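**Student:**
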């Protein structure tokens, strides 16, 4: 088991910088997911750890050894690729055992280890097949077995599930999680799928444009997004983000409208902020009550829940709730905004504005007070 | 778009058949001519009913042109060119595609430009080099004045000389270094996913290992295709062997046909000449028949 230390790592292609000083520590046995939109540099970061991509500045250390100048094979990492990258002309057994063959392990021993690994991922029956004759999920498992057989210090996953269909993806997600629990190998997993990130990760690293936006447990990332970007990126439907300012009374005013939400932050008076509210934390109350009076635009029925699109001060507002509703378009409804549903971000920097220090009992009291009511 | 209507099918079948007749007809005439005796083959028009003398003509041609030796020469020559070409193009293309060294595009274009310089264009300089492989170096020494310097200092006249005329090396080497194969391999290597290299790297395979374990097996069909093309091309090559070899025992079969083709004032034994051409064209046909399946796959599809 090994820890990975990434120190001020930069990367540029020619004169174009793509990584701007990445700092990240990954603990031994940890499962870290790097999450971000395509082109944010997450795969590049993974490939730099693997040694498939050089680094321009900074250093990467695995297990205390700086690996900047080591070849991929000397770093003790195994990688699972997005397109599996199986060797098309070799049987499954040869694919899995190739690393051992290169390492000069005798044939009988190789065969024994291949069979053992194949058994652990349910591939015994397919050892003589060619990759072309396997289904997507089986190929994926071959790719994993090929990584496992080397008993690496670090597993690197480069969007390994993105080529699978939805059902298989959920299945493989669970298998990867189980595998990690069983082997306890330090793992770095790159994905753009937030559901994968939330379910797999011990810690999530959210990246954007070659920078790390936030590092934290899934709960932290969801509950206390550090930037406006993370707030909008995590969660489905995405968080409501409204630009506006705080007035003298400490209420949030969106644009020039006279609508306002009491957020009780007079110390921020005059500041331009972005107000973030998760759709699933907003509650409906009687049309005269609540911090927000909004007009119903339309309702999306999802079976288990519904997404209600509201129109407030010419802005769109989305509320998710599990209880059934009987709203008509155009109806005016009241929306309660619990204090801990409020996330404030600086309008210019996008950084989170520290929460008002507030005793936790009070918060809870507030929530229960607002629990009144669903029309 | 694939059209499937009965009328269209018939039209295309008829066209295909006409094409077949058109390409086979000369061949049929050659075969028939090879069966006639001297009188029948010179009758105008020549009878299209086969005669009796096929084997006699074959034996005549064989002994007259000494095909035993010449076919062997042809075989060594064609296999040498084909193998040499396969090896050198695979290695060149591997280097150009998979290694990021300075000036590799320059090298690629230099190789590529030779496509525009077929043997016939560069035949005089190529002959000069084959006659004395070291002549370019001699030229450099002369131009830079080193020859002169050495002669002044030591009194020794530098004269490098290493000829390849009348040898297999002289036949084969100048035909190996051309761009077609390199280009074919480069295009094929570019279709292989990058992740394959990366997976192999992660598995600990070095460049030679990767070449041997991945590239070679994956390009099996391309190797077969290139080998076939080059074998047939080299076998049919006439001008170069005619030029480099003067010793009858070093001549190849295609050049050997000169011995059975009647000259201006000799007996017009076209029956023997045709039998000779049949003997000469047989080996490439056999090769194509054997490698045909691989050959077509290697040129058309990329196996995935």
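Protein chains in written order, with my numbering: chain H, 27 to 401; chain D, 8 to 311. The beta carbon of each residue, even a glycine, is placed where N, CA and C say it ideally should be. In this text, all values refer to a predicted model and were calculated from it rather than measured experimentally.
(1) Check for me: the alpha helix (DSSP H) holding residue 319(H) runs from which residue to which?
(2) According to a CB-to-CB cut-off of less than 7 Å, which residues of the stretch 111-139 of chain D neighbour chain H?
(3) What residues match up with residue 66(H) in a beta bridge as DSSP calls it?
(4) Kindly indicate if chain H contains any beta-carbon less than 7 Å away from that of residue 107(D).
(5) Here's a check: name, in chain order, each residue in its chain whose Cβ is nearer than 6 Å to the Cβ of residue 196(H), leaving out the five neighbours to either side.
(6) Looking at C-alpha atoms only, which residue of 273(H), 208(H) and 257(H) is the closest neighbour of residue 291(H)?
(7) When you compare the CB of residue 115(H) with every CB in chain D, is at least one pair closer than 7 Å?
(8) On the DSSP bridge list, what partners appear for residue 39(H)?
(9) Report yes or no: is there a C-beta of chain D within less than 7 Å of the C-beta of residue 78(H)?
(10) Just to confirm my understanding: we take residue 189(H), look at its own chain, exclude 5 residues before and 5 after, and list those with CB closer than 7 Å. What are they?
(11) On the criterion of 16 or more Cβ atoms from any shown chain inside 10 Å, does residue 266(H) qualify as buried, or is it exposed?
(12) Report yes if the CB atom of residue 41(D) is closer than 7 Å to the CB atom of residue 281(D), and no otherwise.
(13) Check for me: the alpha helix (DSSP H) holding residue 141(H) runs from which residue to which?
(14) Can you tell me the Cα-Cα spacing of residue 206(H) and residue 287(H), whole angstroms?
(15) May I have the straight-line CA-CA distance separating residue 31(H) from residue 210(H), to the nearest angstrom?
(16) Within 7 Å (strictly less), CB to CB, does residue 244(D) reach chain H?
(17) Spatial neighbours of residue 224(H) within its chain, please: C-beta separation below 6 Å, excluding the five flanking residues on both sides.
(18) Can you confirm whether residue 214(H), when its beta carbon is compared against all beta carbons of chain D, has any partner nearer than 7 Å?
(19) Have a look at residue 394(H) and residue 323(H) and give me their C-alpha separation to the nearest angstrom.
(20) Establish whether the CB of residue 203(D) and some CB of chain H are separated by less than 7 Å.
(21) Could you check which residue in 27(D), 101(D) and 85(D) has the C-alpha nearest to that of residue 288(D)?
(22) What span of residues does the beta strand (DSSP E) with residue 8(H) cover, start to end?
(23) What residues of chain H sit near residue 300(D), judged by a beta carbon separation below 9 Å?
(24) Would you mind stating whether residue 316(H) and residue 356(H) have Cβ atoms separated by less than 7 Å?
(25) With distances taken from CA atoms, which of 150(D), 99(D) and 268(D) is nearest residue 67(D)?
(26) Rounded to whole angstroms, what's the CA-CA distance from residue 177(D) to residue 135(H)? Just pull it up for me.
(27) Taking C-beta pairs closer than 8 Å, name the residues in chain D that residue 109(H) reaches, listed in chain order.
(28) Quick one, which residues of the stretch 199-233 of chain D are near chain H if we go by CB-CB under 7 Å, in chain order?
(29) Sorted by chain position, which residues of the same chain lie with C-beta nearer than 7 Å to residue 417(H)'s C-beta, five sequence neighbours on each side aside?
(30) Along chain D, which residues have their Cβ under 9 Å away from the Cβ of residue 128(H)?
(31) Can you list, in chain order, the stretches of the beta strand (DSSP E) that have 3 or more residues and sit fully within the stretch 65-105 of chain D?
(32) Which residues in chain D have a C-beta closer than 7 Å to the C-beta of residue 124(H)? List them in chain order.
(33) Looking at residue 343(H) and residue 320(H), is the spacing between their C-beta atoms short of 7 Å?
(34) Using the rule of at least 16 other Cβ atoms within 10 Å of the residue's Cβ for burial, across every protein chain shown, is residue 198(D) buried or exposed?
(35) With 8 Å as the C-beta to C-beta threshold (strictly closer), list the residues of the stretch 94-105 of chain H near chain D in chain order.
(36) Would you mind stating whether residue 77(D) and residue 283(D) have Cβ atoms separated by less than 7 Å?
**Tutor:** Considering the structure as presented:
(1) Counting along the chain, residue 319(H) falls outside any alpha helix (DSSP H), though it belongs to the beta strand (DSSP E) covering 318-327.
(2) none
(3) Residue 66(H) pairs with nothing; no bridge assigned.
(4) no
(5) none
(6) Among 273(H), 208(H) and 257(H), the Cα nearest to that of residue 291(H) belongs to 273(H).
(7) yes
(8) The partner list for residue 39(H) (beta bridge, DSSP) reads 42(H).
(9) yes
(10) 108, 109 and 162
(11) Under this definition residue 266(H) is a buried residue.
(12) yes
(13) 133-146
(14) 46 Å
(15) 18 Å
(16) no
(17) 244
(18) No, no contact with chain D.
(19) Confidence at residue 394(H) is low in this model, with a pLDDT of 39, below 50, so its placement is unreliable and the value that follows should be read with caution. Those two C-alpha atoms are separated by around 28 Å.
(20) yes
(21) The candidate whose alpha carbon is nearest that of residue 288(D) is 85(D).
(22) Coverage of chain H is limited to positions 27 through 401, which leaves residue 8(H) absent and any answer about it impossible.
(23) Result: empty, since nearest Cβ-Cβ is about 17 Å, beyond 9 Å.
(24) no
(25) 268(D)
(26) 50 Å
(27) Result: 200 and 202.
(28) 200, 202, 203, 205, 206, 208, 209, 210, 211, 212, 216, 221, 224 and 225
(29) Outside the shown range of chain H (27 to 401) lies residue 417(H), about which nothing can therefore be said.
(30) 207, 210, 211, 212, 213, 216 and 220
(31) none
(32) 210
(33) yes
(34) exposed
(35) So the list reads 97, 98, 99, 103, 104 and 105, given in the order they occur along the chain.
(36) no
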